[in-house]
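Take the sequence shown: its letter number 220 is residue 201 in this note's numbering, and every next letter is one higher. A short worksheet on the structure shown next.
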Amino acid sequence: MLEDTLSLMPLWAFAVAVGVTLIAGFVKGAIGFAMPLIMISGLSLFLDPLLAIAGIILPIVMSNFLQVARFGRVEAMAAIREYWRYIVIVCVMIVIVAQFVTAIPTRVFYLILGIPVVILSLIQLMGVTFHIPRHRRRLAEWGIGALSGILGGMTGTWGPPTVLYLIALETPKAKQLLVQGVVYGLGSVSLLAGHLQSGVLTATTAPFSAALLIPAFLGMQIGFRLSDHLNPAVFRKVTLAVLVLAGANLVRRGIMG
């Protein structure tokens, strides 16, 4: 597996990828989201964007099912029943949009990666909140779900719109983590299926993604154990600030090359 991975990149790049994934796993374990954002922002700094997307796929699948596993099966099924429309549109759009990723020029791809990271991170960092009235919920499910799925298919991350959606519904904190895990978990399976079809995840790139499972798992375990001792609000703001900087750098690369 390591030999296959090192055929795609130098040893230093693989070592940095492991470090980025470890940090992303830690953040995921501590606050429940941002792993794909951190990985795609970090890996795209020194790897081809399509290889970066391939690398995040298996760690995303594993991490989201670990998150859901912390809750009971009954709670997870209840979340699926309540949010099934949102989940369905996210999953369908991920599979569809993922098929077009390989046709996007590199500089355009950097902009597609960077702009949503900056905008969505700034929205959360500034504490901007929205409210979705009950009679508008079904429309919001389809609309925001479609946006999330498009971002997921293009960039491998659909977390920030989902977080903003759940906040707008005034979802309790514990339930937010459960629903996020369910949406991310089922969406990540769609991402895996979509990129098996798109040609991004292949016999050549899959060993790289598989190799990142270990640092992702270790990072999450550390995050789980330290989450009770961290100030979640401060840690979340620091994470979002870092994502803004990383996203801005991707935008710079998209504009300046």
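Don't be surprised by glycine CBs; every beta carbon is placed ideally from N, CA and C.
Residue i burial status per 10 Å Cβ neighbour count (16 or more: buried)
i: V164; result: buried
i: R62; result: exposed
i: A222; result: exposed
i: Q178; result: exposed
i: P204; result: According to the sequence as given, residue 204 is Gly; it is not Pro. Buried: at least 16 other Cβ atoms inside 10 Å.
i: M58; result: exposed
i: V55; result: exposed
Candidates the options, of which the one nearest residue i by Cα
i: G6; options: L194, A222, R115 and F90; result: L194
i: V98; options: M135, S208 and T152; result: M135
i: L242; options: A227, F198 and R217; result: No answer is possible for residue 242: it lies beyond the span of the chain, which begins at -18 and ends at 238.
i: I75; options: L132, G95, G166 and V144; result: L132
i: V42; options: V89, G126, M107 and T138; result: T138
i: I70; options: E122, V82 and P40; result: E122
i: T143; options: L26, T83 and F111; result: F111
Cβ shell of residue i (< 6 angstroms), same chain only, five flanking positions each side left out
i: M16; result: A5, K9 and S44
i: S48; result: The sequence given here places Gln at residue 48; Ser does not occur at that position. Around Q48: G162.
i: L182; result: A35, I38 and H176
i: L31; result: V181
i: L150; result: I113
Residues of its chain near residue i, where Cβ-Cβ distance is below 8 angstroms and the 5 sequence neighbours each way are ignored
i: L92; result: L231, V232, G235 and I236
i: L28; result: M(-10), A(-6), A(-2) and G36
i: I104; result: P141 and L145
i: A229; result: G95 and V99
8 angstroms Cβ cutoff, residue i in contact with chain C
i: A84; result: Absent here is chain C; the protein component of the structure consists of one chain.
Supposed close pair residue i, residue j - CB separation, criterion 8 angstroms
i: L167; j: C72; result: 6 angstroms
i: S22; j: A227; result: 4 angstroms
i: G53; j: L158; result: The Cβ separation is near 13 angstroms, so there is no contact.
First through last residue of the alpha helix (DSSP H) which encompasses residue i
i: N45; result: P30 to A50
i: G10; result: L(-8) to I12
i: P142; result: G140 to A149
i: V170; result: K154 to S179
Own chain, CB closer than 7 angstroms to residue i, minus 5 neighbours either side, in chain order
i: A11; result: G204, L207, S208, L211 and F216
i: F90; result: P30
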